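S.K.: First, the structure itself, so that you have it in front of you.
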Amino acid sequence: MGNNSSNSHPQLSGSHKAFQALLDKAQSQFKSCEYLSALKTYKKLEKQMSERSVKEKRALAALYQVIAVIYSKQARHPKALDYLNKAMELGADETPEGNWFAATVWRDLGIIYSAQENFDQGLESFEKMLEISSMLGNNEGELLVADAYREISGVYRKVGKYEESLSALSTAYNIKMKKLKEDDVSIADIFDDFGMICHDKGKDNEALSYYKKALDIRLKKHGNKHDDIMRSLILLASLYKDQKQYKHALHYYNMVSNILFRKQSPNQEISYNLYEGLGFVYMGMGNDGDSLCCYMKALEVCYQSFGKVHPNVAKIYDQMGHVYESCKRLPDALKCFKKAVDIRVKVMDDAYLSIASMYQSISSVCKELGKESEAELAMKRASVVAEKGFMKNRLWARSELPIANLTLIDVDKDIETQEACVNETNWQSQASELEAKIDGKGQRARSDTLESIDITIKV
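Residue 1472 is where the sequence shown starts when you use our numbering, and the numbers rise one by one after that.
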């Protein structure tokens, strides 16, 4: 759950046409999530601004801030923190503008700490954002207060404290409803967050309702080809994917592909989420070849946008390991699991429960291969890493998260036995209704093929 405002651009302008053209290029690359290219362009802007001795120091601070956001997207957290500190030093002061800027920097700090699974520091940063925003005393400040509560809600959701998460999110919603129209796109973001909390708690009927409300708002505001429409469809697909209703999930992913690949510059994050989701769906359907092809395409997108050392790359290798394990290619599975751990450790210094689960996978495969000593060593490593994670964060309650299970969030939900959120009849009517809204002619998208996706990579 992260506030979309964290993707803001520096408020820069220049009379020099070449400078403005470079700025436009950087913003376009950023919007398409082409982060490696965007970083290079913003670094050129940084050099030009430094050489020109820009009088408005807050403009340079804003540039530092957006460079920090890009480093954060690439999981290069030390560099991101360094640039945020430089931004805070230049742009924060006791003026209303300076305080507003400081609040947004605290927001970005919280996002970085949360991405590192350092939820205590993330929460402290968002509380600092809330404190500063509350002092602004204007409409913009109150909306920033709402954003702070939304970020706080996200932290609580990630550690399984759903009542606290709902309370904070309800506060954010009430503030937004007082200040904005009920069909404002930021209300749609909050509906998505409510949906994710409900989904985590196993209340999928309610989650579905919130996701549809968010989609309706976005369709009214943006039309049927906007990136946010695809993000809504991916959430709907993920809901069915997690329920193991793969046919329905595949249908929504296909709708995303039909929008995405008609664009001149497809959004890279959406491309990644599409391929990653398809890989999981095909794996669940037993189509191992298609699953691996989609995961390879997801890797390709990651390399182009984020680089080769990134949590998303680790996630894909982990998922590929499970595919190889399911088709009994155990040596390949072990290689993938080890590659996933290696990348994850480089990014997150190995004191986190997400890494512990990867060590468990290594242990399981080693047992099947008859490597008992290596399996035992991997399981011990999993317990040590989990223990470090618990010690680092007071938000993780041991009573809720027993070490033996090595799970991050106890949602008290068994997907195998839970009642499906919609029956087949309801599914057909809901799918047709959504397609009619998104496709002006109401033409049904095919759910059994992906005509727009080229998955010819050899595995």
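Just so you know, even glycine gets a beta-carbon here, dropped at the ideal spot from N, CA and C.
Note that the coordinates shown come from a computational prediction; the quantities given were computed from them, not determined experimentally.
1) In chain order, what residues of the same chain have a beta carbon less than 6 Å from the beta carbon of residue 1749, not counting five sequence neighbours either side?
2) With a threshold of 16 other CB atoms inside 10 Å of the CB of residue 1492, please say whether the residue is buried or exposed.
3) Identify the continuous alpha helix (DSSP H) that holds residue 1823 and give its terminal residues.
4) Can you tell me whether DSSP reads residue 1662 as helix, strand or coil?
5) Just checking, does the region 1654 to 1661 make contact with the region 1687 to 1704 on the three C-beta pairs under 8 Å criterion?
6) Which value, in whole angstroms, describes the spacing of the CA atoms of residue 1494 and residue 1557?
7) Using beta-carbon positions only, say whether residue 1616 and residue 1624 come within less than 7 Å of one another.
8) What residue from 1678, 1739, 1574 and 1531 has the CA that sits closest to residue 1701's CA?
9) Quick one: Cα of residue 1815 to Cα of residue 1834, how far?
10) Looking at residue 1743: is its Cβ nearer than 7 Å to the Cβ of residue 1772?
11) Is DSSP giving residue 1878 helix, strand or coil here?
12) Check each candidate in 1737, 1613, 1550 and 1861 and name the one with the smallest Cα separation from residue 1776.
13) Identify the continuous alpha helix (DSSP H) that holds residue 1628 and give its terminal residues.
14) Three-state secondary structure (DSSP) at residue 1836?
15) So, helix, strand or coil for residue 1856, using DSSP?
16) Out of curiosity, what's the CA-to-CA distance linking residue 1800 and residue 1808?
17) How would you write the range of the alpha helix (DSSP H) that residue 1648 sits in, first residue to last?
18) Leaving out five residues before and five after residue 1688 in sequence, what residues of the same chain have Cβ atoms less than 7 Å from its Cβ?
19) Is there at least one non-hydrogen atom of the ligand ADP closer than 6 Å to the beta-carbon of residue 1618?
20) According to DSSP, is residue 1728 part of a helix, a strand, or is it coil?
21) Taking buried to mean at least 16 other C-beta atoms within 10 Å of its own C-beta, is residue 1538 buried or exposed?
22) Within the chosen definition, does the region 1829 to 1849 reach the region 1579 to 1599 through at least 3 CB pairs nearer than 8 Å?
23) On a CA-only basis, which of 1668, 1633, 1618 and 1622 is nearest residue 1648? Give me that one, please.
24) Check whether the region 1668 to 1685 touches the region 1699 to 1718, taking contact to mean three or more Cβ pairs, one atom from each stretch, closer than 8 Å.
25) Within its chain, find whatever has a CB closer than 6 Å to the CB of residue 1827; leave out the 5 residues flanking it on each side and keep chain order.
26) Please check the pair residue 1686 and residue 1664, which I expect to be a contact at CB under 8 Å, by giving their CB distance rounded to whole angstroms.
27) Report the three-state DSSP secondary structure of residue 1710 (helix, strand or coil).
28) Tell me the rounded alpha-carbon separation between residue 1683 and residue 1645.
29) Tell me the DSSP secondary structure of residue 1841 in three-state form.
30) Nearest to residue 1559 by CA position, among 1566, 1536, 1545 and 1636, is which residue?
31) Does the distance from the CB of residue 1789 to the CB of residue 1795 come in under 7 Å?
32) Between residue 1672 and residue 1633, is the Cβ-Cβ spacing less than 7 Å?
33) Just mark residue 1542 as buried or exposed, buried being the case when its beta carbon has 16 or more other beta carbons within 10 Å.
M.R.: Judging by the given coordinates:
1) Position 278 of the sequence shown, counted from the first residue, corresponds to residue 1749. Counting only Cβ-Cβ distances below 6 Å, and skipping sequence neighbours, we find 1724 and 1765.
2) As a position in the sequence shown, residue 1492 is number 21, starting the count at 1. Per the 10 Å Cβ criterion, exposed.
3) Your numbering for residue 1823 matches position 352 in the sequence shown. No alpha helix (DSSP H) holds residue 1823; DSSP gives it neither H nor E.
4) The count along the sequence shown starts at 1 and reaches residue 1662 at position 191. DSSP places residue 1662 in helix when its eight states are reduced to three.
5) yes
6) Walking along the sequence shown from the start, residue 1494 turns up at place 23. Walking along the sequence shown from the start, residue 1557 turns up at place 86. Residue 1494 and residue 1557: Cα-Cα distance of roughly 20 Å.
7) In the sequence shown, counting from the first residue as 1, residue 1616 sits at position 145. In the sequence shown, counting from the first residue as 1, residue 1624 sits at position 153. Not a contact, by the Cβ cut-off of 7 Å.
8) Here residue 1701 refers to the residue found at position 230 of the sequence shown. Of 1678, 1739, 1574 and 1531, the residue nearest in Cα terms is 1739.
9) Counting from one through the sequence shown, the residue named residue 1815 turns up at place 344. Counting from one through the sequence shown, the residue named residue 1834 turns up at place 363. Computed Cα separation, rounded: 17 Å.
10) Within the sequence shown, numbered from 1, the residue matching residue 1743 stands at position 272. Within the sequence shown, numbered from 1, the residue matching residue 1772 stands at position 301. Against a cut-off of 7 Å, the Cβ pair of residue 1772 and residue 1743 comes out as a contact.
11) Sequence index remark: in the sequence shown, residue 1878 carries index 407 (1-based). Caution is warranted here: a pLDDT of 32 is assigned to residue 1878, below 50, making its placement in the model unreliable, and the coordinate value is therefore given only provisionally. If DSSP states are grouped into helix, strand and coil, residue 1878 belongs with coil.
12) Against the sequence shown, residue 1776 aligns to sequence position 305. Looking at the Cα atoms, 1737 is the closest of the given residues.
13) Here residue 1628 refers to the residue found at position 157 of the sequence shown. Looking at the DSSP string, the run of the alpha helix (DSSP H) that includes residue 1628 is 1610 to 1629.
14) As a working mapping, residue 1836 is identified with position 365 in the sequence shown. Correct three-state label for residue 1836: helix.
15) By one-based count along the sequence shown, residue 1856 stands at place 385. Helix.
16) By one-based count along the sequence shown, residue 1800 stands at place 329. By one-based count along the sequence shown, residue 1808 stands at place 337. Computed Cα separation, rounded: 12 Å.
17) If you number the sequence shown from 1, residue 1648 lands on position 177. Where residue 1648 is concerned, the enclosing alpha helix (DSSP H) stretches over 1633 to 1650.
18) As a first step, residue 1688 is located in the sequence shown; it is residue number 217 there, counting from the start. Counting only Cβ-Cβ distances below 7 Å, and skipping sequence neighbours, we find 1654, 1656, 1658 and 1659.
19) Within the structure as shown, the ligand ADP is missing, as the structure has no ligands at all.
20) As a first step, residue 1728 must be located in the sequence shown, where it is residue number 257. Helix, per DSSP.
21) Taking the first residue of the sequence shown as 1, we reach residue 1538 at position 67. Per the 10 Å Cβ criterion, buried.
22) No, because fewer than three Cβ pairs between the region 1829 to 1849 and the region 1579 to 1599 fall closer than 8 Å, the two stretches do not touch.
23) Here residue 1648 corresponds to residue number 177 of the sequence shown, with the count starting at 1. Checking every option, the nearest Cα to that of residue 1648 belongs to 1618.
24) yes
25) Working through the sequence shown from its first residue, we reach residue 1827 at position 356. Here residue 1827 has 1853, 1856, 1857 and 1877 as same chain residues with Cβ atoms under 6 Å from its own Cβ, once five neighbours each way along the sequence are excluded.
26) Stepping through the sequence shown from its first residue, residue 1686 is reached at position 215. Stepping through the sequence shown from its first residue, residue 1664 is reached at position 193. Cβ atoms of residue 1686 and residue 1664 stay farther apart than 8 Å, at about 14 Å.
27) Here residue 1710 refers to the residue found at position 239 when the sequence shown is read from its first residue. Of the three classes helix, strand and coil, the one that applies to residue 1710 here is helix, per DSSP.
28) For this step, residue 1683 is matched to residue 212 along the sequence shown. For this step, residue 1645 is matched to residue 174 along the sequence shown. Distance between the alpha carbons of residue 1683 and residue 1645 is about 20 Å.
29) Here residue 1841 is taken as the residue at index 370 of the sequence shown, counted from 1. Residue state, collapsed to three classes: coil.
30) Position 88 of the sequence shown, counting from 1, holds the residue named residue 1559. Nearest C-alpha to residue 1559: 1536.
31) Counting from one through the sequence shown, the residue named residue 1789 turns up at place 318. Counting from one through the sequence shown, the residue named residue 1795 turns up at place 324. Not in contact: residue 1789 and residue 1795 (Cβ atoms no closer than 7 Å).
32) Taking the first residue of the sequence shown as 1, we reach residue 1672 at position 201. Taking the first residue of the sequence shown as 1, we reach residue 1633 at position 162. Yes, they are a contact pair.
33) Taking the first residue of the sequence shown as position 1, residue 1542 is located at position 71. The residue is buried, with at least 16 neighbouring Cβ atoms inside 10 Å.
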